[in-house]
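Using the numbering used here, read the sequence shown as starting at 6 and increasing by one per residue.
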Amino acid sequence: MSEETIDLAEFMERVQDDKELLLELLDIFMEDFQEKRRQLGDAIEKNDVEQVKSIAHSLKGASGNISAKPLRQSCLKLEEIGKEGKLDGGQELLVTIDQQYQDLVKRIETLKEELNS
């Protein structure tokens, strides 16, 4: 990973160093992300540009809220593709998003262990 999956310093500042809030927001993010990711895959399969744009926008915001910058950037790219009215490259971006999410989940699990010890 060339770029950190999550900017912890920024995220801690955002939650005013409240570790419980940070952990709660990460749990909510992971629950919501999985459902939205499924919907995003369906929308790309159906070539539903409006849905892709909307879901990518939502995922971009959620990723930004937890300072997951690489994931946020990929969601932004997907949203921009949707705004262009076509989904060329959408499937490839989805693969990137999936990998970034898996990297993020690993980091979150490590972070939970660190914060709970």
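Ideal Cβ positions, reconstructed from N, Cα and C, are used throughout, including at glycine. As the structure is a computational prediction, the values presented were derived from the model and not from experiment.
Of the listed residues I11, I33, K51 and G66, nearest to Q96 (C-alpha basis): The count along the sequence shown starts at 1 and reaches residue 96 at position 91. Out of I11, I33, K51 and G66, the CA that lies nearest to the CA of Q96 is found in K51.
N- and C-terminal bounds of the alpha helix (DSSP H) containing Q44: Your numbering for residue 44 matches position 39 in the sequence shown. K24 to E50 is the span of the alpha helix (DSSP H), which, as asked, contains Q44.
Rounded distance between the beta-carbons of I11 and R77, thought under 8 angstroms: In the sequence shown, residue 77 corresponds to position 72, counting from 1. In the sequence shown, residue 11 corresponds to position 6, counting from 1. Contact flag wrong, Cβ pair sits at about 10 angstroms.
V100 burial status per 10 Å Cβ neighbour count (16 or more: buried): As a working note, residue 100 is residue 95 in the sequence shown. Answer is exposed; the Cβ neighbour count stays below 16.
Those runs of the alpha helix (DSSP H) which lie wholly inside the region 44-96 and span at least 4 residues: 54-70 and 74-88
CB-CB length for V110 against M17, believed under 8 angstroms: For this step, residue 110 is matched to residue 105 along the sequence shown. For this step, residue 17 is matched to residue 12 along the sequence shown. That pair is no contact at about 19 angstroms.
Three-state secondary structure assigned by DSSP to I113: Position 108 of the sequence shown, counted from the first residue, corresponds to residue 113. If DSSP states are grouped into helix, strand and coil, I113 belongs with the helices.
Q4, buried or exposed, once every other Cβ within 10 Å from all chains shown has been counted against 16: Outside the modelled stretch of the chain, which goes from 6 to 122, sits residue 4, for which no answer is possible.
Cutoff 7 angstroms; reference D53; Cβ partners in own chain excluding five residues on either side: As a position in the sequence shown, residue 53 is number 48, starting the count at 1. Result list for D53: empty, nothing under 7 angstroms.
Buried versus exposed call for S7 [16 or more other C-beta atoms within 10 Å across all chains shown]: Translated into positions along the sequence shown, residue 7 becomes position 2. Residue placement at S7 is flagged as unreliable, the pLDDT there being 45, under the threshold of 50; the coordinate-derived value follows with that caveat. Exposed, since its Cβ has fewer than 16 Cβ neighbours within 10 Å.
Own chain partners of I60 with C-beta closer than 7 angstroms, once the 5 adjacent residues on each side are dropped: For the purposes of this step, residue 60 is identified with residue 55 of the sequence shown, where counting begins at 1. So the qualifying residues of the chain are K41, Q44, L45 and A48.
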